[in-house]
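In what follows, a single structure is set out as structure tokens and then discussed.
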Amino acid sequence: MGDFGLLLYYVLIALFAFFVTAPCVLNAISLFGVQKRFAKAMVEEGIISQEAVDKLHPKKQIAGVVISVLVLGVLLWFCYRLQPWGFAVGIVPLLAGFWKYRKVLEYNSLTVKRFRNSYQNDLDAKKFNKYVDKNF
26 MGDFGLLLYY
36 VLIALFAFFV
46 TAPCVLNAIS
56 LFGVQKRFAK
66 AMVEEGIISQ
76 EAVDKLHPKK
86 QIAGVVISVL
96 VLGVLLWFCY
106 RLQPWGFAVG
116 IVPLLAGFWK
126 YRKVLEYNSL
136 TVKRFRNSYQ
146 NDLDAKKFNK
156 YVDKNF
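Add 25 to the 1-based position in the sequence shown for this note's numbering, that's all there is to it.
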């Protein structure tokens, strides 16, 4: 592979690390933290039933972990294949992506949107909108 082809390969790995791997991993982490706390708050407010949360949330957690491990594994495999610069090309954009998308781990309006998309058929919309208007 020529120098230009190698450069394009490095750029693709960096973009994959920044735009795909970092958000995917942070989303999986948020399912065990902020999303779980928000679901608990919604059950306490009577907006959604505990059964709906117990039915869907573990499936989302398992899927998030499996997908994140696969995506991270693909990134690490490509980085390993492109030694000695592969890890620098993959890990630096991954860390930058973690820094950029860190708001996924915070309790904010993004949490509300993701919760609404996940439980749209099971929640009481009026109570939910009232709760969101009051707290966000």
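Cβ coordinates follow ideal geometry from the N, Cα and C atoms, glycine included.
| Check | Outcome |
| --- | --- |
| Would you be able to state if there are at least three C-beta pairs under 8 Å between the segment 58 to 74 and the segment 140 to 147? | yes |
| Excluding the five sequence neighbours on either side, which residues of its own chain have a C-beta within less than 7 Å of the C-beta of Y105, listed in chain order? | G111 |
| Using 8 Å as the threshold, is the segment 151 to 160 in touch with the segment 64 to 71, meaning 3 or more CB pairs across them? | yes |
| Considering R62, what are the terminal residues of the alpha helix (DSSP H) in which it resides? | V59 to E70 |
| Report the CB separation of D147 from A77 in whole angstroms; it is logged as a contact under 8 Å. | 4 Å |
| Does the beta-carbon of F161 have 16 or more other beta-carbons within 10 angstroms, so that it is buried, or is it exposed? | exposed |
| Just mark I72 as buried or exposed, buried being the case when its beta carbon has 16 or more other beta carbons within 10 Å. | buried |
| Can you give the Cα-Cα distance for S93 and A53, rounded to whole angstroms? | 7 Å |
| Can you grab the Cα-Cα spacing for the pair L51 / F43, in whole Å? | 12 Å |
| Note down the Cα distance separating A113 from F29, rounded to an integer number of angstroms. | 18 Å |
| Where does S55 land, buried or exposed, given buried means 16+ other C-beta within 10 angstroms? | buried |
| Using CA coordinates, which residue listed in L130, G115 and D158 is at the minimum distance from V36? | G115 |
| Should P118 be labelled buried (16 or more other beta-carbon atoms within 10 Å of its own) or exposed? | buried |
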